[in-house]
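K.L.:
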Amino acid sequence: MAGEQALLSTEIVNRGIESSGPDAGSLTFSIRVRRRLPDFVQSVNLKYVKLGYHYLINHAIYLATIPVLVLVFSAEVGSISREELWRKLWDDARYDLATLLAFFGALVFTISVYFMSRPRPIYLIDFACYQPGHDLKISKEEFIEQARKSGKFDEASLEFQKRILQSSGIGDETYIPKVVMSSEHSATMKEGRAEASEVIFGALDELFEKCRIRPKDVGIIVVNCSLFNPTPSLSAMIVNHYKMRGNILSFNLGGMGCSAGVIAIDLARDMLQANPNNFAVVVSTEMVAFNWYPGRNRSMLIPNCFFRMGCSAVLLSNRRRDFRRAKYRLEHIVRTHKGADDRAFKWAEVQGVSSEQGLVRGRRGCSKNQHHYLSPLVLPFSEQLYFFSALMRKQIFGGPEASKPYIPDYKLAFEHFCIHAASKTVLDELGRNLELTEKSLEASRMTLHRFGNTSSSSIWYELAYLEAKERVKRGDRVWQVAFGSGFKCNSVVWRSLRRVRKPTRNPWLDSIDRYPVANL
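Sequential numbering of the sequence shown, starting at 796, is according to this note's numbering.
1. When DSSP labels each residue in this structure, what does Tyr-1260 get in the three-state scheme?
2. For Met-1241, which of Phe-996, Glu-1262 and Ile-965 has the nearest alpha-carbon?
3. My understanding is that Lys-1206 touches Leu-1315, with C-beta atoms under 8 Å, so please give their C-beta distance in whole angstroms.
4. Rounded to a whole number of angstroms, what is the C-alpha to C-alpha distance between Ser-945 and Phe-1102?
5. If you count every other CB in all the chains shown that lies within 10 Å of the CB of His-1036, and 16 or more means buried, which is it?
6. With DSSP collapsed to three states, give me the class of Tyr-1310.
7. What do you get for Ala-1069, buried or exposed, if any count of 16 or more other CB atoms within 10 angstroms of its CB means buried?
8. Taking the alpha-carbon positions, what's the Thr-1080 to Gly-900 distance?
9. Thinking C-alpha only, which one of Val-1109, Lys-1234 and Phe-1140 is nearest Ile-920?
10. Can you pull the DSSP bridge partners for Gly-1283?
11. Going straight from the alpha carbon of Ser-1306 to that of Gly-1056, what length do you get?
12. Looking at the unbroken beta strand (DSSP E) that takes in Ala-1108, where does it start and where does it end?
13. List the DSSP bridge partners of Trp-1274.
14. Identify which residue in Leu-1044, Ser-952 and Cys-1106 has its Cα closest to the Cα of Ser-1251.
15. Grouping DSSP H, G and I as helix and E and B as strand, with all else coil, what is Ser-1028?
16. Could you give the C-beta distance for Ser-1054 and Asn-1228, rounded to a whole number, given that I count them as a contact under 8 Å?
17. In the DSSP output, what is Ile-1015 paired with across the bridge?
18. Buried or exposed for Ile-738, please, with buried defined as at least 16 other CB atoms from any protein chain shown within 10 angstroms of its CB.
19. So, do the segment 1296–1304 and the segment 1255–1271 have three or more beta carbon pairs nearer to each other than 8 Å?
20. For my contact list, Val-1096 and Phe-955 are in at a C-beta cut-off of 8 Å; report their separation, rounded to the angstrom.
21. The beta strand (DSSP E) with Phe-922 in it runs from where to where?
22. Looking at the strands, I want to know which residues DSSP matches up with Thr-1080.
23. With 16 other CB atoms within 10 Å as the buried threshold, where does His-777 fall?
24. Using only CA atoms, which one of Pro-1071, Arg-1091, Met-1082 and Pro-1089 lies nearest to Asp-1368?
25. How long is the line joining the alpha carbons of Lys-947 and Gln-941, rounded to whole angstroms?
26. Using a Cβ-Cβ cutoff of less than 7 Å, which residues in the same chain neighbour Leu-953 once the five nearest sequence positions on both sides are dropped?
27. So Val-1273 packs on Trp-1289, CB below 8 Å; how close in whole Å?
28. Buried or exposed for Ala-1075, please, with buried defined as at least 16 other CB atoms from any protein chain shown within 10 angstroms of its CB.
29. Could you tell me whether the Cβ atoms of Met-1082 and Glu-990 are closer together than 8 Å?
30. Three-state secondary structure (DSSP) at His-1166?
31. Are the segment 976–991 and the segment 1116–1130 touching, with three or more C-beta to C-beta distances below 8 Å?
32. Taking the beta carbon of Val-1312 as the centre, do at least 16 other beta carbons fall within 10 Å, making it buried, or is it exposed?
33. Out of Leu-1169, Lys-935 and Val-867, which has the shortest C-alpha to C-alpha gap to Leu-960?
34. Taking Ile-933 as the reference, give the member of Leu-1048, Cys-1100, Gly-1052 and Gly-1014 with the closest Cα.
35. Find the nearest neighbour of Lys-1038 within the set Ile-1058, Phe-996 and Leu-1022, judged by alpha-carbon distance.
36. Val-975 and Tyr-925 - do their beta-carbons sit closer together than 8 Å?
Set out below in structure tokens:
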């Protein structure tokens, strides 16, 4: 009944002045009831219309050519009998045997050259994220109280850090070295090496145990740590500790910010392409104690509130036989750099980031370049048409809408998002800019809440969260995107090779049942 009433429309009609009768000389009106057509725009879920459009465009070539080929083949075969068809095939094969052999020889040669010239696939066997001990866990309240006891901050600085922490999105179970809250000076080479040994060896021990390989099997090692760069290097420290082989290719990346983890993956990929049948280990970390700021400059106090202990270790392989045990295959790496812009170049200071606002501004400029380079690689053809048409409208017609760029729908390209957990403000801005759902941002927000900003390793804690939730299925695409000083924005795309079951070693295992946390 309610549906029928919704299709009825009423109209009041002015019939003019009544000429006779008891109502002569007065205005008269009548009510006319009409049945209207259904509002098809409101009755159809536009989300499914858009999905139908994407499906039609992406499969247009198949939908157009397959019926034609079937008709042509049916007409050709249907015009002759079965006996004539077999006789024709036998006669052609008997008289043109040399041609047939030459054709198959050329086909085999072409296929061989194609597969031999293709870049070797890069597989991610497994990864490990270091989880510090419970004695290093600290809540926001304990953070302020211990900072007060250390005597390194005045009351104004403590109050400022307290306000930052309350709105940071960080929870009460993050980790920091004990030395930063002591009265001693923590930014020393000794403390830096002590923290590096703890987090790096902890992550690598777990990685070698999970992957069941010996350290001497590794042919390439890449370490990235932005601000702590001792001599001998951190990569040399690893080689010495595990007594790795003498011809190992060792690299140490420094000063490249929170996006250096993707840069290290890119370098390892290039080395694997040039060195067949090899393993590569990528270690991403940052030293909290060495970069601790005990002064009163408010912009320099912000890193104290966000950065926490963390380290990731990733095992890559270019051996084709590792396909069966690998978790992911490397699909794409896109790197963009805004260092030519003076404002972007000066975004980072000696002790760390100068402000969240600087990070947000730098990310906005860098993400535009990411759209241009990444979109053609990952977006379906239908979404690329949207992107191209929006660009043409902007160039040709202009107008008020021209200033608003079209943001591609990356939810059509990726099932999972691992966006560097820099801060709540940055994640909010990224979510609005890329039009992502809270589900897409869940791994990043929960990682920020549980572990804080672990710098370049944060994208691996996020992937560990997705695996602990058993959300990664065979064929799923994972987008890891990180940004850092300079200004750089780097992306890596992985494709899952199998359904990832809940790991037995994972930094989330002791807390995953409490997540996700609402209202962050």
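Positions of the beta carbon are idealized from the N, C-alpha and C atoms, including for glycine.
P.N.:
Reading it off the structure:
1. helix
2. Ile-965
3. The Cβ separation is near 21 Å, so there is no contact.
4. 18 Å
5. exposed
6. coil
7. exposed
8. 52 Å
9. Val-1109
10. Before going on, a small fix: residue 1283 reads as Lys here, not Gly. DSSP, once it has assigned bridges, lists His-1132 and Gly-1279 as partnering Lys-1283.
11. 25 Å
12. 1106–1112
13. Phe-1212 and Val-1288
14. Cys-1106
15. coil
16. In fact, because the Cβ distance is near 17 Å, the residues do not count as touching under 8 Å.
17. Leu-1044 and Ala-1075
18. The requested residue 738 is not part of the displayed model; the chain covers only 796 to 1315.
19. yes
20. With the sequence shown as reference, residue 1096 is identified as Leu, and Val is not the correct amino acid for it. The Cβ separation is near 6 Å, so the contact holds.
21. 918–924
22. Cys-1106
23. One cannot answer for residue 777 here, as it falls past the ends of the chain, which runs 796 to 1315.
24. Not covered by the structure: residue 1368. The range shown for the chain is 796 to 1315.
25. 10 Å
26. Ile-939, Ala-942 and Arg-943
27. 5 Å
28. buried
29. yes
30. helix
31. no
32. exposed
33. Lys-935
34. Cys-1100
35. Phe-996
36. no
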